[in-house]
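Residue numbers (our numbering): 1149 to 1452. Backbone N, C-alpha and C fix where the C-beta goes; we use that ideal spot for every residue, glycine too. Comments concern the structure below.
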Amino acid sequence: MATRIPENRRGWMCGTYCHEFEYFPTQQAASLSDMVFGFLEDGEGLPGSISSEEGCGEIENFDEDEEKDDIGNVEEDKSYWENQHQILQATLRRTSSLESRIRSTTKEALKEIQSANTVCACARPLASSCRNCLMGEISGRLQNAGYNSAICKSKWRSSSDIPSGEHTFLDVIDNSGSKKGEVRVIIELNFRAEFEMARASEDYNRLVQRLPEVYVGKVERLSTLIKILCSAAKKCMKEKKMHMGPWRKQKYMQAKWLSPCKRTTSTPNLSMGYSNPLPKPRASMLTVDLLEKLPNGDGHLGGS
């Protein structure tokens, strides 16, 4: 059964990608640990404070002012990235009991599908159907656990700011809290990949690595994360003197999960048995302007 979420029930706070889902092969079993759904282990710390060499000899006022500006820019950039890390960590660490329960059920579903060598049972080519079948299986297991889960397909039109597009993901709508009203939890199976960029700066890459591979959280939390990452992407592009593609903009990323969508609660069944090798995912539309050529994906409806 398919339903549409009315616009007055969707949150446009602060603000699919359509590459194939990166299935969890056996050699990547560790990716199904808690790191997939939450924080990664703390990596190397941020670089230490940068000091400038003391000059020897006379320096003209123009050069001295320019040097001060350069030092100021470096310190400003460092402060920006440190602040983004702090905000991101604080956002990811906050979680409700509802989010934790749905996250746990989703993780167990992925583990069971992996251990059972689950393959697609649909008649369509594997490359175009595996992600949909996997989402259907996870949604079905969430339904069996008592959740109002569905496969959501969002679609939006082009505007002066962003191109048209569509995206598919999962959600759970909870009405158990009478005081809080309806709560919507988004499940994105390839969340981190949505924000990865080829030839991005080291600062940006470190920030993206803090993201969970699988996002399970409320719409409000997702909106905050989108704002943080899109701001960082803009900063990264500015530092590298590169063009900011429209599919990188906050409005485009919001459209993926917050646009009008059709909810489908009926789910296909996957078969258990021999698992054929699955194709690697195509690049996210987020990386298009930094790749050698455009992928033949369905990231936006107007084609390349």
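When the options are compared against residue i, the one with the closest alpha-carbon
i, options, result
"L1236", "G1393, P1408, M1385, R1358", "R1358"
"Q1402", "A1293, I1310, V1331, M1345", "I1310"
"S1245", "G1365, S1287, M1283, A1348", "G1365"
"D1339", "P1360, A1298, R1251, P1394", "It is worth fixing the name first, because residue 1339 is Phe in this sequence and not Asp. Among P1360, A1298, R1251, P1394, the Cα nearest to that of F1339 is on P1360."
"S1371", "R1354, M1392, S1252, K1397", "K1397"
"C1281", "F1317, M1392, A1346", "F1317"
"N1292", "V1333, A1257, R1279", "A1257"
"Q1232", "H1391, M1390, K1383, M1392", "K1383"
"L1290", "S1379, E1247, S1312", "E1247"
"N1296", "G1393, E1330, N1221", "E1330"
Through-space distance from residue j to residue i, alpha-carbon basis
i, j, result
"D1319", "E1344", "23 Å"
"Q1262", "T1243", "26 Å"
"S1324", "C1300", "21 Å"
"L1373", "T1239", "7 Å"
"E1368", "K1328", "14 Å"
"S1306", "L1377", "22 Å"
"S1227", "R1354", "15 Å"
"I1321", "E1223", "44 Å"
"A1346", "V1362", "20 Å"
"R1332", "S1407", "14 Å"
"R1249", "S1379", "30 Å"
"C1409", "E1342", "19 Å"
"I1260", "V1356", "Note that residue 1260 is Glu in the sequence shown here, rather than Ile. Cα to Cα, the separation comes out at about 28 Å."
"H1391", "R1251", "36 Å"
"S1312", "E1285", "28 Å"
"G1294", "S1414", "14 Å"
"N1221", "W1229", "12 Å"
"K1389", "W1304", "29 Å"
"R1279", "A1264", "17 Å"
"G1393", "D1225", "22 Å"
"K1375", "R1241", "17 Å"
Whole-number beta carbon distance between residue j and residue i, since they are thought to touch under 8 Å
i, j, result
"T1254", "I1335", "6 Å"
"M1385", "L1337", "About 27 Å separates the two Cβ atoms, so there is no contact after all."
"E1314", "S1349", "The Cβ separation is near 30 Å, so there is no contact."
"A1381", "Y1400", "In fact, because the Cβ distance is near 11 Å, the residues do not count as touching under 8 Å."
"W1405", "S1302", "7 Å"
"S1287", "A1298", "6 Å"
For residue i, three-class secondary structure by DSSP
i, result
"R1369", "helix"
"S1349", "coil"
"G1288", "helix"
"K1389", "coil"
"Q1398", "helix"
"P1360", "coil"
"K1328", "coil"
"S1312", "coil"
"E1344", "coil"
"I1374", "helix"
"R1411", "strand"
"L1318", "strand"
"S1306", "coil"
"A1298", "strand"
"I1335", "strand"
"A1293", "coil"
"N1323", "coil"
Closer than 8 Å: residue i CB and nearest the ligand ATP heavy atom
i, result
"N1338", "In the structure shown, the ligand ATP is absent, as is every other ligand, since no ligand is present at all."
Whole runs of the alpha helix (DSSP H) within the segment 1230 to 1271, excluding any shorter than 4 residues
Taking only runs of at least 4 residues, the alpha helix (DSSP H) segments lying wholly in the segment 1230 to 1271 are 1245 to 1263.
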